[in-house]
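Data first, discussion second: the structure below is written as structure tokens.
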């Protein structure tokens, strides 16, 4: 079982570091001037760091966030917090969208690195690099005893949240997902649906992340998460193998047929069918361009549809446009 | 409305003539020797008529009917009556399967001509030709008062049953089919499902035929049927136009998607989806090879599947093979 392909279960990997600057009060207590200064300092650190960073990052101020926030949210490049209008926010986002630096979110600084597939080490390395760059110019709030201090105590210590998004259709079909969530919760791992906390799981996609940030080193957190993820992935592969049947193949084929041929499709139905098709692809039941398939999640999400079509669309028209995109992409 | 394309509503046309020979008792009372003689006489009339007929017709005796009867039945080339084992049957079937001459069915002779589309005149002309050929050698039972005498009184007179198979999805979707059946019944027109009397209507396909054969000439019967069929076709086209919507397009597209991509499909589900796709084709909602689509009805029917695969298949395997044929045919 050691030759398992984790990339067929793990859709993406995310590392997020929460940091605050020693010089300023926490976000909820800081002044508007503090907020602006922080935005300037962080932007300078990144954009003046070296020529390639300057070209690679895009700056999103309050206005840009207002107009493009929904799209960025659906791509997991910013958090819902960033769409609130109670303070001056900003974000620096790399062009290939794997790095997002949120300024004045819940903390002064949230560094987020997303990698496709199972890439905890690479994501952590990149986050660390950005972290060091910013620290060169502004000292972080840090104590020997508690590590990085954060606005919410649940992030104290490393300030790190490592999360992986897993595609677990077989565990779900076998009715074992609730049991799994309960088990990993007891081990200090949180489980969320595709759009973060509180949202319902769509497309059998689940984010697993460390709940505990204090009293463990970054390496310990990553190693513990890695162990649990790999166990879950093995369980998923195991059940996939047992579920193999003509009925499952039929379900997967039909899902693909509808995805390729609908004329109206809701995001929820799309996600259900999408999950079946990805399962079919990963079980070698059908042949599709896997990267393209994964890209469809954000392409077909409501805000992105609006952004791409540059029109205001009601739900019915969105469903029509979504079908159009799918027919084009999968033909 | 005079430019309506009847071929988009009428799938096929059938003329059937019932005849008995003066020289022999009716089928139920004839001897085994009578039966054999009749088979020989009819076969001789056709096969010795001219060289082209000889090459064009295939003879099916008792043994051939036993082994291939199911397939011929599904193709409407013989009637269920011909599968009974109570007497010596035979059939002469033209290679392109548009003419079928059943010997010792309910009557000594049943001449059947099937044409695709709306072709009452052509079908009647061909049936007449065969009729005349056979009559040259053996005198029919005929009286001045009652016309051709037949085993069952409902066929007396012309002995002609003219029927057309109509595809009426819109009338069905609008919930108007029962009303239509009641109306045409009152006008002396019988309505049956795709596989003859008593079978449930599959794929929104209905056979309309004259109930009355006595007291009217062949031309009067055809003209009356023609009038009614054309009214029904106009109603169907009218409702199709009114039903046009994104929802209907979606239904048609999805039906096509499933038909092209299933891995297991029952005949009933196939017929439902098939009907939607044909509707889509005839409403210019999607592009498919219409002849190929119509050919799928018999290709996908249970007996034909068995015949083509040359294996004994249970329902599950038939459903799998049917999907395979559909994926091949529609790709």
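Chains as they are written, first to last, in my numbering: chain A, 1 to 331; chain B, 332 to 662.
Just so it is clear, CB atoms sit at the ideal spot from N, CA and C, and this is done for glycine as well.
Scanning 9(A), 15(A) and 131(A) for the CA closest to the CA of residue 161(A) turns up 15(A). Listed along the chain, the chain A residues whose CB falls inside 7 angstroms of the CB of residue 592(B) are 253, 254, 256 and 257.
Neighbourhood of residue 577(B) in chain A, by CB distance below 9 angstroms: 263, 264, 316, 319 and 320, in chain order. Ranked by how close their Cα comes to the Cα of residue 494(B), the residues 544(B), 480(B), 481(B) and 487(B) have 544(B) in first place. Collapsing the DSSP output to three states places residue 150(A) in coil. A direct Cα-Cα distance of roughly 15 angstroms separates residue 471(B) from residue 437(B).
The straight-line gap separating the alpha-carbon atoms of residue 255(A) and residue 262(A) is approximately 10 angstroms. Distance from the CA atom of residue 85(A) to the CA atom of residue 657(B), rounded to whole angstroms, is 56 angstroms. Under a criterion of Cβ atoms nearer than 7 angstroms, the residues of chain A adjacent to residue 580(B) are, in order, 263. In the three-state reduction of the DSSP assignment, residue 384(B) falls in the helix class, which pools H, G and I.
In the assembly as shown, residue 567(B) is a buried residue. Its beta-carbon has 16 or more other beta-carbons within 10 Å. Ranked by how close their Cα comes to the Cα of residue 550(B), the residues 352(B), 496(B), 490(B) and 607(B) have 490(B) in first place. As computed with DSSP, residue 557(B) is found in no beta bridge at all. Taking 8 angstroms as the cut-off, the beta carbon of residue 229(A) is found closer than this to the beta carbon of residue 10(A). Beta-bridge partners assigned by DSSP to residue 471(B): 352(B).
Close CB contacts of residue 486(B) within its chain, under the 6 angstroms cut and outside five residues either way in sequence, are with 349 and 544 (chain order).
Following the DSSP letters along the chain, one finds residue 166(A) inside the beta strand (DSSP E) bounded by residues 160-167. DSSP, read as helix, strand or coil, puts residue 373(B) in helix. It is roughly 14 angstroms from the alpha-carbon of residue 241(A) to the alpha-carbon of residue 281(A).
By a beta-carbon distance limit of 8 angstroms, residue 114(A) contacts residue 12(A). Their separation comes to about 6 angstroms.
With three or more CB-CB distances shorter than 8 angstroms, the segment 297-305 of chain A counts as touching the segment 313-328 of chain A. The beta-carbon distance between residue 93(A) and residue 77(A), rounded to whole angstroms, is 5 angstroms. This is short enough to meet the 8 angstroms contact definition. Counting along the chain, no beta strand (DSSP E) covers residue 275(A); the unbroken alpha helix (DSSP H) around it starts and ends at 267-282. About 6 angstroms separates the CB atoms of residue 358(B) and residue 435(B); that is less than 8 angstroms, so the two are in contact. Excluding residues up to 5 positions away in sequence, nothing lies with its Cβ nearer than 6 angstroms to the Cβ of residue 185(A) in the same chain. Judged by DSSP secondary structure, residue 433(B) falls within the beta strand (DSSP E) whose first and last residues are 430-434.
With respect to residue 537(B), residue 524(B) sits close: the two C-beta atoms are nearer than 8 angstroms.
Residue 447(B) and residue 455(B) have their C-alpha atoms spaced approximately 13 angstroms apart. Rounded to whole angstroms, the gap between the alpha carbons of residue 231(A) and residue 268(A) is 28 angstroms. Under the three-state reduction of DSSP output, residue 324(A) falls in the helix class.
Per the Cβ contact rule, the segment 473-481 of chain B is not in contact with the segment 493-509 of chain B (fewer than 3 Cβ pairs under 8 angstroms). The three-state secondary structure of residue 453(B), taken from DSSP, is helix. The shortest CA-to-CA distance from residue 249(A) to any of 121(A), 285(A) and 38(A) is the one to 285(A). Of the residues 288(A), 5(A) and 234(A), the one whose Cα lies closest to the Cα of residue 118(A) is 5(A). The C-alpha of residue 314(A) is placed about 13 angstroms away from the C-alpha of residue 265(A).
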